[in-house]
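Colleague: In my numbering, the protein residues as written are 12 to 400.
Beta carbons: idealized from backbone N, C-alpha and C, even for Gly.
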């Protein structure tokens, strides 16, 4: 970065919730931020230079293609939908590589598919649960009759915990087949252990930053988005995790944010990598509460090319571990009563945003149920100026 000039970052996505934390993070890293989106709620984003709205996915991709010729230093695809849409688009491979968080054409094959990702881990010598693939209901039934351990069934393309189903020996297979399964289906050994977030930032396949957090509680079910996480300082993380993430970055050709999940086996303590969505998540900026600021790591890389070292020293002015809730997944009562010390972790949210969140939760839980859907839609339109919905 030239002295006196800022780097430029472009966010591309459909969902305000997944972009909310990024502009301030990137500003701290020395970037000016532009946004291309279909979500009008992005008007609420702070610290952005300009926002370009698209009417649908096709126009968003077209705008992104035009912006790709501008001198941006960082392109960030912010959600799974646009990741898949860009991958399957008619754009040239050259443009895809420029916009997507990968280094080369060969890396396109693993984007958005759990089966290809599992195959990549296996071929790269990265520890992952045993798995097989069922292409139809007959193959699934045969496999489940013969497999000796509990498994998870995962639709090849899904996100947010949707399309994941547990199966234990003796369960009713006929009942399972009535679930919304989508073939081909990944059949993955169920590891009895903690779900660990290892979300990272890579450049040119090299590891620049990551966080280590146990997912404690979940929305909807055990496969849904996490509500509370316990973060640990990187000085406490086993060296095998660093090595796994480095191998993963090179295997994926990772070039940007990655939302990575591992399972830490209760008995052996080993970490089994299970997912890596090539985009940031809503927790992207929380490692700073442990003294590992992703913005500083990104700034240092762009200033000097520095990558993450093997040895991470204990940060004496920060806690060794810290339990952190995500405010947008708490109830109104939990926010109002400062449950889980949530107010401590709201630096990026203004008081107006927090109050607005509480009001919206109270309305959706206690007012909306009193009206028919038709009348509620009328009320929403009439009260749109205060953001009711």
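Among 198, 214, 204, which residue has its Cα nearest to the Cα of residue 273?
Modeller: Residue 204 is the option with its Cα nearest to residue 273.
Colleague: What do you reckon, are the CB atoms on residue 147 and residue 194 nearer than 8 Å?
Modeller: Yes, the Cβ-Cβ distance between residue 147 and residue 194 is below 8 Å.
Colleague: Let me check one thing: in DSSP terms, what residues is residue 226 bridge-paired to?
Modeller: For residue 226, which the question treats as bridged, DSSP gives the partners 240.
Colleague: How would you label residue 462, buried or exposed, when you count the other beta carbons within 10 angstroms and need 16 or more for buried?
Modeller: Because the chain is modelled from 12 through 400, residue 462 falls outside the range shown and cannot be assessed.
Colleague: Find out if the Cβ-Cβ distance for the pair residue 143, residue 283 is shorter than 8 Å.
Modeller: Result no, Cβ atoms of residue 143 and residue 283 do not sit closer than 8 Å.
Colleague: Is DSSP giving residue 61 helix, strand or coil here?
Modeller: Residue 61 falls in the strand class under three-state DSSP.
Colleague: Residue 253 by DSSP, collapsed to three states: which one?
Modeller: Three-state result, residue 253: helix.
Colleague: Given a threshold of 16 other Cβ atoms within 10 Å of its Cβ, counted over all protein chains shown, does residue 354 qualify as buried or as exposed?
Modeller: Exposed.
Colleague: Report, in whole angstroms, the separation of the C-beta atoms of residue 38 and residue 46, which I expect to be a contact under 8 Å.
Modeller: About 13 Å; that fails the 8 Å criterion.
Colleague: To which residues of the same chain is residue 158 closer than 6 Å at the C-beta, ignoring the five residues directly before and after it?
Modeller: Excluding residues within five positions, none has a Cβ falling inside 6 Å.
Colleague: Compute the Euclidean distance between the alpha carbons of residue 26 and residue 90, then round it to the nearest angstrom.
Modeller: Cα to Cα, residue 26 sits roughly 7 Å from residue 90.
Colleague: Where residue 383 and residue 373 are concerned, what is the direct C-alpha to C-alpha distance, given to the nearest angstrom?
Modeller: Computed Cα separation, rounded: 17 Å.
Colleague: Does residue 121 pass the burial test, meaning 16 or more other C-beta atoms within 10 Å, or should it be called exposed?
Modeller: Classification for residue 121: buried.
Colleague: At least one CB of chain B closer than 8 Å to the CB of residue 259: is that the case?
Modeller: Here chain B cannot be found, since the structure has a single protein chain.
Colleague: With respect to the beta strand (DSSP E) encompassing residue 282, which residues constitute its N-terminal and C-terminal limits?
Modeller: That run of the beta strand (DSSP E) goes 282–288.
Colleague: Keeping to the same chain, check which residues put their C-beta closer than 6 Å to that of residue 356; ignore five residues upstream and five downstream.
Modeller: The residues are 335.
Colleague: Starting from the C-beta of residue 188, find all residues in its chain whose C-beta is less than 7 Å away, skip the five residues before and the five after it, and write them out in chain order.
Modeller: If we look at residue 188 and ignore the five residues flanking it on each side, its Cβ neighbours are 148.
Colleague: For residue 367, which three-state DSSP category applies?
Modeller: Three-state DSSP puts residue 367 in a helix.
Colleague: Check whether the region 301–317 and the region 275–290 touch, using three or more Cβ-Cβ pairs below 8 Å as the test.
Modeller: Touching, no, given that fewer than three Cβ pairs across the two stretches are closer than 8 Å.
Colleague: Are the beta-carbon atoms of residue 125 and residue 182 separated by less than 8 Å?
Modeller: Cβ distance not < 8 Å, so residue 125 and residue 182 don't count as in contact.
Colleague: Could you tell me the boundaries of the beta strand (DSSP E) in which residue 334 lies?
Modeller: 332–336 is the span of the beta strand (DSSP E), which, as asked, contains residue 334.
Colleague: Which first and last residues belong to the beta strand (DSSP E) in which residue 275 is found?
Modeller: Per DSSP, residue 275 belongs to the beta strand (DSSP E) from 268–276.
Colleague: Alpha carbons only, please: which of 369, 116, 184, 304 is nearest the one belonging to residue 221?
Modeller: With distances taken between Cα atoms, residue 221 lies closest to 304.
Colleague: Once DSSP output is grouped into helix, strand and coil, what is the label at residue 145?
Modeller: Looking at residue 145 - three-state DSSP - the assignment turns out to be strand.
Colleague: Could you tell me the alpha carbon to alpha carbon distance between residue 339 and residue 160, rounded to whole angstroms?
Modeller: Roughly 36 Å separates the two Cα atoms.
Colleague: With a 10 Å radius around its C-beta and 16 neighbouring C-beta atoms as the bar for buried, classify residue 237 as buried or exposed.
Modeller: Flag for residue 237 reads buried.
Colleague: With a threshold of 6 Å on Cβ separation, who are the neighbours of residue 153 within its own chain once the five nearest residues in sequence on each side are excluded?
Modeller: So the list is empty, once near-sequence residues are dropped.
Colleague: Where do the ends of the alpha helix (DSSP H) carrying residue 137 lie?
Modeller: First-last for residue 137: undefined, no H or E at that position.
Colleague: In chain order, what residues of the same chain have a beta carbon less than 8 Å from the beta carbon of residue 102, not counting five sequence neighbours either side?
Modeller: Contacts found: 72, 76, 110.
Colleague: Between which two residues does the alpha helix (DSSP H) containing residue 307 stretch?
Modeller: Unbroken alpha helix (DSSP H) run through residue 307: 305–315.
Colleague: Which value, in whole angstroms, describes the spacing of the CA atoms of residue 155 and residue 180?
Modeller: Approximately 8 Å between the Cα atoms of the pair.
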